[in-house]
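Per this note's numbering, residue 13 is the first one in the sequence shown, and the count goes up by one each step. Even glycine gets a Cβ: it sits at the ideal position worked out from N, Cα and C. Structure, as structure tokens:
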Amino acid sequence: MEEKIKSLYTKLSNQSIENSDSVISTDVFSSVLLDRFTAELSKLGVTWDKEPTSINMLIGNAARPVVATSVSMENTVKKENSKTLAIGTDIQKLDKFPKVKDFWEEPFYTDTFSATEIGYCLKKSNPIESFAGIFAAKEAVFKATGIARQDVIINHTDKGMPVCDYASISISHDGDYAVATAFIGNQTIVSVSDDENRSIETIKPSVANIPKQTSHSNRLLWSLCFILIVGYIIYKEFLEALIF
13 MEEKIKSLYT KLSNQSIENS DSVISTDVFS SVLLDRFTAE LSKLGVTWDK
63 EPTSINMLIG NAARPVVATS VSMENTVKKE NSKTLAIGTD IQKLDKFPKV
113 KDFWEEPFYT DTFSATEIGY CLKKSNPIES FAGIFAAKEA VFKATGIARQ
163 DVIINHTDKG MPVCDYASIS ISHDGDYAVA TAFIGNQTIV SVSDDENRSI
213 ETIKPSVANI PKQTSHSNRL LWSLCFILIV GYIIYKEFLE ALIF
């Protein structure tokens, strides 16, 4: 198992690991490759809380049972509106997503995407492309709102337009890349008290409160996002060319 974890770490992080006591952290992974690494660990019966660790510590924790906990929430909700504008963008490269025979049996996909999202992607001629687009959209929403990616569900309208509860989103594809942008115009801070009187705050952006804009200003906004994204792709390709 030790050599298997070393091999996975080297392959997915593009970093060498000297020995089993070397520190493993999330810093060396991209978001999608981090999810792939944790999914591969789960296949080996190893759990990782994503805190800095080592292979020896991971192996020692392999047999530790995972205890599921739940918090009972009371309907004590306090809302406070604050006007703001936020844009999140994300780019994912298609070859970072594993090609498998059965997406329903692969932990990376079942842990990262909802059943609805997986079903939608499998209806497409290129499922990987669709998975990359949805993943990028989840990341973009996270960057714009701070809402954890696992709590963001991307659905589609009858016309195939991507939608979610927290932001206005756009997904596009450019060759080997999937690009997504998330936009919000107003946020509601929701403070919830549970039955142990602990206060938990989450951000609930309200798309309905986004000020109506003219089609001209919308075009300018999305054009700016597109220019920034294309510039980033060119810059990233340039860096990869220098490295390799």
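Beta-carbon proximity check, H168 vs E141, cutoff 7 Å: Between H168 and E141, the gap from beta carbon to beta carbon reaches 7 Å or more.
Kindly give me the distance between the Cβ atoms of E129 and I103, rounded to whole angstroms, as I take these residues to be in contact under 8 Å. The Cβ separation is near 19 Å, so there is no contact.
Neighbour-count burial assignment, A149, 16 or more Cβ in a 10 Å radius: The Cβ neighbour count for A149, taken over all protein chains shown within 10 Å, is at least 16; the residue is labelled buried.
Where in the stretch 160-196 do unbroken runs of the alpha helix (DSSP H), each at least 4 residues long, occur, reported from the N-terminal end onward? The stretch 160-196 is shown to contain no whole alpha helix (DSSP H) run of 4 or more residues.
Would you decide whether S25 is buried or exposed? Buried here means 16 or more other CB atoms lie within 10 Å of its CB. The residue in question, S25, is buried, as its Cβ has 16 or more Cβ neighbours within 10 Å.
Can you look up S137 in the DSSP assignment and give me helix, strand or coil? For S137, the three-state secondary structure derived from DSSP is coil.
In this structure, how does DSSP classify D61 when only helix, strand and coil are distinguished? It is coil, neither helix nor strand.
Which complete alpha helix (DSSP H) runs does the stretch 95-125 hold, if anything under 4 residues is left out? Assignment of alpha helix (DSSP H) within the stretch 95-125, counting only whole runs of 4 or more residues, yields 119-124 in chain order.
Helix, strand or coil at I36 according to DSSP, with G and I counted as helix: Three-state DSSP puts I36 in a strand.
Does the stretch 46-53 come into contact with the stretch 115-134, if we say contact requires no fewer than three beta-carbon pairs (one atom in each stretch) closer than 8 Å? Verdict: yes, contact present.
Suppose contacts are defined by Cβ-Cβ distances below 7 Å. Is S126 in contact with I159 by that definition? Not in contact: S126 and I159 (Cβ atoms no closer than 7 Å).
Nonlocal neighbours in the same chain, by C-beta distance under 7 Å from A144, ignoring five residues either side: Q104, L106, F109, A190.
Residues in its own chain within less than 7 Å of S43 by CB, not counting five upstream and five downstream? Closer than 7 Å at the Cβ level, and outside the excluded window around S43, lie E151.
Own chain residues within Cβ distance below 8 Å of V35, not counting five before or after: Excluding its 5 nearest sequence neighbours in each direction, V35 has C-beta neighbours in its own chain below 8 Å: P64, T65, S66, listed in chain order.
Quick one, which of I29, P174, E30, G57 has its alpha-carbon nearest V153's? Taking the Cα of V153 as reference, the smallest distance to any Cα among I29, P174, E30, G57 is reached at P174.
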